[in-house]
Ligand SMILES: C[S@@+](CC[C@H](N)C(=O)[O-])C[C@H]1O[C@@H](n2cnc3c(N)ncnc32)[C@H](O)[C@@H]1O
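Numbering (my numbering), first residue to last: 14 to 418.
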């Protein structure tokens with residue numbers, strides 16, 4: 014599931030069409046599709062007008078919930094797939110192995126990220142140990158109607174998607190705010206812990222002042238080998254907010270960063286108000302997203318920006334199984350290529366430091382030839398750069414190698 018190979022399963026694509034009252038193949042000129050397109054535009058306008066803070070009221074409209082579910086649900090869900098890929102490439106993270114597995118989607122909307130996990134597991138069934146007896150799927154959202162929708166879509170998904178017959182799924186959906194002073198009570202029974210918590214596109218809507226209260230609660234809710242994934246839309250404002258939460262989690266809890274940052278430290282992208290840390294995902298959108306894009310002039314097929322952080326409760330950090338470089342020589346590409354006559358530049362970051370690299374065309378060699386192909390988000394190993402005033406220079410002898418895309 015990489016790059017343009019990232020797609021929704023036919024099961025999910027059909028289910029979302031059905032939920033929107035459409036059938037396959039999608040008739041781009043139908044009244045229903047034109048109406049859905051207009052509703053997607055309304056949702057987008059509301060997001061923009063609200064300065065990235067989505068108005069919960071929109072979800073109370075059945076028509077807008079439908080439009081969200083057939084457009085924004087897939088667009089958001091796919092961001093989780095490379096993040097899970099990166100988690101499960103770790104040689105010691107074997108998937109879900111305990112008899113009872115619990116997964117929580119905070120601010121679940123119509124069930125976006127629980128569906129993301131299910132899509133991933135449907136394609137990687139080896140991650141579900143045969144010893145699993147029960148998988149609890151939890152969704153919490155402040156809007157009752159979202160909770161009802163999520164339950165409906167996920168129940169249907171589980172009824173039609175193929176999973177090992179040994180696993181029993183149990184659904185728990187709760188309507189309520191994760192901001193209440195008493196959270197996680199009364200929404201979650203005392204002592205409940207989760208193997209995976211995903212909070213996607215919800216911290217953009219939560220008061221920054223409550224991050225320091227929520228951070229230790231998130232830690233308590235995580236099982237000893239649990240993973241916490243935070244995902245946000247990848248705009249400058251939302252990404253910088255998410256970094257505040259990242260820093261709060263590092264400061265107020267014992268959770269450790271698994272990815273994308275390779276080192277623990279205050280995020281260097283905050284030093285420059287024009288910077289923000291984000292990824293860009295390329296994928297093949299489902300037909301309905303294509304068609305809606307044509308109607309309203311959006312371009313989701315050109316890539317989806319997002320920001321994310323993966324935390325672990327057991328101290329495991331991202332490693333690249335085939336990499337023989339020490340950790341301090343592994344970096345992450347955090348910009349696109351900046352090309353000028355006779356040279357290329359890009360930024361790399363390790364979570365603590367950000368560096369500008371430059372390679373003159375005359376210095377291209379076998380050991381640094383990957384430089385031209387490096388894309389935002391790639392993990393790279395580098396060695397032998399020469400320090401100049403404002404950047405590190407890549408010489409003919411320097412090593413620059415892409416480890417993972
Ligand atoms: C932009 S939507 C994201 C929905 C879904 N996670 C996705 O990515 O498609 C934000 C969701 O967070 C929910 N939300 C916002 N503040 C919340 C809070 N304090 N407690 C629980 N849910 C909240 C909203 O109701 C909405 O469903």
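C-beta atoms are modelled at their ideal positions from N, C-alpha and C, and glycine is treated no differently.
Judged by DSSP in its simplified three-state form, residue 225 adopts helix. Shown here, residue 382 sits in a helix according to DSSP, grouped into three states. With distances taken between CA atoms, residue 279 lies nearest to 264 out of 287, 264, 291. For residue 20, the closest alpha carbon among the candidates 301, 44, 352 is that of 301. For the pair of segments examined, the segment 298 to 316 was found not to touch the segment 243 to 251: the number of CB pairs separated by less than 8 Å stays below three. With a cut-off of 8 Å on Cβ pairs, the segment 72 to 85 is not in contact with the segment 101 to 117, counting fewer than three such pairs. Per DSSP, the beta-bridge partners of residue 118 are 152, 211. Along the length of the segment 351 to 381, whole beta strand (DSSP E) runs at least 3 residues long occupy 351 to 353, 356 to 362, 367 to 373, reported in chain order.
With three or more CB-CB distances shorter than 8 Å, the segment 95 to 105 counts as touching the segment 320 to 331. For residue 109, there is no enclosing alpha helix (DSSP H), as DSSP marks it with neither H nor E. Look at residue 218: its beta carbon is less than 7 Å from one of the heavy atoms in ligand 1. For the pair residue 347 and residue 369, the Cα-to-Cα distance works out to about 10 Å. Cβ-Cβ separation between residue 191 and residue 153: approximately 6 Å, consistent with a contact (criterion under 8 Å). Taken from the Cβ of residue 213, at least one heavy atom of ligand 1 lies inside 7 Å. Contact check for residue 406 against residue 352 fails: the beta carbons are separated by 8 Å or more. A Cβ-Cβ contact shorter than 8 Å links residue 321 with residue 242. Residue 101: member of the alpha helix (DSSP H) spanning 93 to 101, first to last residue. Boundaries of the alpha helix (DSSP H) around residue 129: 125 to 136. Between residue 212 and residue 122, the gap from beta carbon to beta carbon reaches 8 Å or more.
Separation of the CB atoms of residue 355 and residue 335 is rounded to 33 Å, and the pair is thereby denied contact status at 8 Å. Of the other Cβ atoms in all chains shown, 16 or more fall within 10 Å of the Cβ of residue 52; this residue is therefore buried. Short of 7 Å from the beta carbon of residue 184, and not among the five residues preceding or following it, lie these beta carbons of its own chain, in chain order: 150, 164, 167, 168. Contact check for residue 33 and residue 49: beta-carbon distance about 6 Å, within the 8 Å limit, so the pair qualifies.
Rounded to the nearest whole angstrom, the C-alpha separation of residue 361 and residue 46 is 42 Å. In this structure, the straight-line span from the alpha carbon of residue 270 to that of residue 365 is close to 12 Å.
In the three-state scheme derived from DSSP, where H, G and I count as helix and E and B as strand, residue 240 is classed as strand. When 412, 93, 363, 398 are compared, the shortest CA-CA separation from residue 392 is found for 363. The straight-line gap separating the alpha-carbon atoms of residue 91 and residue 28 is approximately 16 Å. Residue 181 sits close to residue 147, with the two beta carbons spaced by under 8 Å. In this structure, 41 is the residue among 367, 41, 36 with its C-alpha nearest to the C-alpha of residue 309. With fewer than 16 other beta carbons inside 10 angstroms of its own, residue 312 counts as exposed.
By the 16-neighbour rule on beta-carbons within 10 angstroms, residue 130 is buried.
In this structure, ligand 1 has a non-hydrogen atom nearer than 7 Å to the beta-carbon of residue 159.
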